[in-house]
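Just so you know, we're using the numbering used here here: the sequence shown kicks off at 8 and counts up by one. Ideal Cβ placement from N, Cα and C applies to all residues, glycine included. Below is one structure; the comments refer to it alone.
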Amino acid sequence: MTAIIMDGKQVAVLVKDEVRREADRLQELGVGTCLATVLVGDDPASRSYLKMKHKACGEVGIISKNYELPASASQNEVLDLIDTLNRDNNVHGILVQLPLPGNIDSFQIIEGLLPAKDVDGLNPINLGRISYRKHSIFPCTPKGIMALLNHYEINVAGKHLVILNRSNLVGKPLYQLLTTVDPMQVLPLNTDMLMLNQDATVTMCHSKTPLVDKYTREADILITAVGKRPEFVVTADMVKEGAVVIDVGVSRMGSKLYGDVDFESVRDRAGYLTPVPGGVGPMTIAMLLHNTVITAAEQTKNTTVHLVKRWV
Ligand SMILES: NC(=O)c1ccc[n+]([C@@H]2O[C@H](COP(=O)([O-])OP(=O)(O)OC[C@H]3O[C@@H](n4cnc5c(N)ncnc54)[C@H](OP(=O)(O)O)[C@@H]3O)[C@@H](O)[C@H]2O)c1
Numbered sequence: 008m009t010a011i012i013m014d015g016k017q018v019a020v021l022v023k024d025e026v027r028r029e030a031d032r033l034q035e036l037g038v039g040t041c042l043a044t045v046l047v048g049d050d051p052a053s054r055s056y057l058k059m060k061h062k063a064c065g066e067v068g069i070i071s072k073n074y075e076l077p078a079s080a081s082q083n084e085v086l087d088l089i090d091t092l093n094r095d096n097n098v099h100g101i102l103v104q105l106p107l108p109g110n111i112d113s114f115q116i117i118e119g120l121l122p123a124k125d126v127d128g129l130n131p132i133n134l135g136r137i138s139y140r141k142h143s144i145f146p147c148t149p150k151g152i153m154a155l156l157n158h159y160e161i162n163v164a165g166k167h168l169v170i171l172n173r174s175n176l177v178g179k180p181l182y183q184l185l186t187t188v189d190p191m192q193v194l195p196l197n198t199d200m201l202m203l204n205q206d207a208t209v210t211m212c213h214s215k216t217p218l219v220d221k222y223t224r225e226a227d228i229l230i231t232a233v234g235k236r237p238e239f240v241v242t243a244d245m246v247k248e249g250a251v252v253i254d255v256g257v258s259r260m261g262s263k264l265y266g267d268v269d270f271e272s273v274r275d276r277a278g279y280l281t282p283v284p285g286g287v288g289p290m291t292i293a294m295l296l297h298n299t300v301i302t303a304a305e306q307t308k309n310t311t312v313h314l315v316k317r318w319v
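Below, the structure written as structure tokens:
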């Protein structure tokens, strides 16, 4: 068996086309959709991720502004900047690039974001609203994964999914989406759509799970987000024949990026497989843009979001 490669770059183009149309429509209403990013410190990886996000904004007609504070900035200085951006009516989305320096309490910063402008979907209000099926903003990476499953018409209902990750960024919101939201739905964005259960059965594993392989071998769909190569690698013997394997993990070794999955061997065993790079990464950025036009439209009087497809 040779896996179908799930091409995140290609699907991200479809999402971006739709975002561009919505940004253009908002522009016609006199609204220049604007994303503000906040970088504290000078971590090269964070700077490089932000560069990609700003470039992507430019491609779809979203205005993007970057605000920088030194690594020595205090908690209050970061909160003051967030407060200024929260109050700025020309800013529709705010993204705080993580991780923040160790002296900053990240939770307090994320909690300080106006939920309506929280394009990463990590504010506790937005994360909590998913549990109540009353959300409009989903975290970008889980949303990108659901959109990939949707695009490749992989229905998760009745399937056993195994997630290797329990973080707020990936594992926990993904669990909510897999069990409560139907990714096959195509509905207007403001519809309170979540009447359907997605009905996946999900097992979450983490670093303290004994015998992780036992669970991965049972997975119809395996989603791995560990990011600890070479210490942790998903090899072919850990994968059920024909399974869908979504690789979220990113490890930098030398100048190259690797996922969690041993791509070459797993390709001959899985039914579907995402590459790294070119799988979940481009989808995450596309969903940041998608969330930004949603927040812009929702903050604009007398209009609702005009996107054909919710993706999740
Ligand atoms: N491509 C993208 O767009 C994208 C987006 C977001 C994140 N990522 C990548 O995804 C990875 C995870 O990100 P994160 O922010 O969620 O990091 P994180 O908070 O460090 O989460 C890593 C998770 O992996 C678990 N883990 C560690 N060793 C394990 C093992 N041997 N078996 C099973 N689980 C194990 C950890 O368990 P514990 O909870 O017990 O520590 C934790 O839940 C990183 O590589 C990150 O770069 C990629």
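Label D244 either buried or exposed according to how many other C-beta atoms from any shown protein chain fall within 10 Å of its C-beta, with 16 as the threshold for buried. Looking at its Cβ environment, which holds fewer than 16 other Cβ atoms inside 10 Å, D244 is exposed.
The beta strand (DSSP E) with V251 in it runs from where to where? 251–254
Answer yes or no: do G278 and V241 have a C-beta to C-beta separation smaller than 8 Å? 8 Å or more divides the Cβ of G278 from the Cβ of V241.
Beta-carbon proximity of N97 to L121, cut-off 8 Å: For N97 and L121, no; Cβs fall outside 8 Å.
In whole angstroms, what is the alpha-carbon distance linking L264 and N309? 45 Å
Quick one, which of L57, K141, I111, D227 has its alpha-carbon nearest I101's? Its Cα nearest to that of I101, the residue L57 stands out among L57, K141, I111, D227.
Could you check whether D206 and G178 sit closer than 8 Å to each other, using their CB atoms as the reference points? no
Can you give me the Cβ contacts of G249 inside the same chain, cut-off strictly under 6 Å, excluding the 5 residues immediately before and after it? Same-chain partners within the cutoff: G278.
Within a Cβ cutoff of 7 Å, which residues of the same chain sit near E305, ignoring the five residues on either side of it in sequence? A123, S143, V312
For P146 and D127, believed in contact at Cβ under 8 Å, the rounded distance: 6 Å
Starting from Y74, trace the beta strand (DSSP E) both ways and give me its first and last residue. 70–76
Whose C-alpha, out of D269, S55, G261, is nearest the C-alpha of D254? D269
Nearest by alpha-carbon distance to K60: which of M294, T307, I301, T302 is it? Residue nearest to K60 within the set M294, T307, I301, T302 is M294 (criterion: CA-CA distance).
Given 8 Å as the limit, is there contact between the region 34–48 and the region 74–93, that is, 3 or more CB pairs closer than that? Counting Cβ pairs under 8 Å, three or more are found: they touch.
To which residues of the same chain is I228 closer than 6 Å at the C-beta, ignoring the five residues directly before and after it? K166, L168, V251
On the three-state DSSP scale, how would you describe D49? coil
Tell me Y167's beta-bridge partners as DSSP assigns them. Note that residue 167 is His in the sequence shown here, rather than Tyr. BP columns for H167 point to T208.
Does ligand 1 have a heavy atom nearer than 7 Å to the CB of T216? Checking the Cβ of T216 against ligand 1 gives yes.
Measuring only the C-alpha atoms, how far is P325 from L155? Within the shown structure, residues of the chain are numbered from 8 to 319, placing residue 325 beyond reach of any answer.
Measure the C-alpha to C-alpha separation of I137 and L184 and round it to an integer number of angstroms. 8 Å
Considering L296, what are the terminal residues of the alpha helix (DSSP H) in which it resides? 287–305
Can you name, in chain order, every residue of its own chain whose Cβ lies under 7 Å from the Cβ of V209, other than the five neighbours on each side? L168, I170, Y182, L185, T186
Per DSSP, what kind of secondary structure is S79 in: helix, strand or coil? coil
In whole angstroms, give me the CA-to-CA distance for V5 and G266. Since the first residue shown for the chain is 8 and the last is 319, residue 5 is missing from the structure and cannot be characterised.
Can you tell me which of I116, A63, T44 puts its alpha carbon nearest to the alpha carbon of D87? I116
Any heavy atom of ligand 1 within a distance shorter than 7 Å of the CB on K235? yes
Nearer than 7 Å: is that true of the beta carbon of F145 relative to any heavy atom of ligand 1? Flag unset: Cβ of F145 not near ligand 1.
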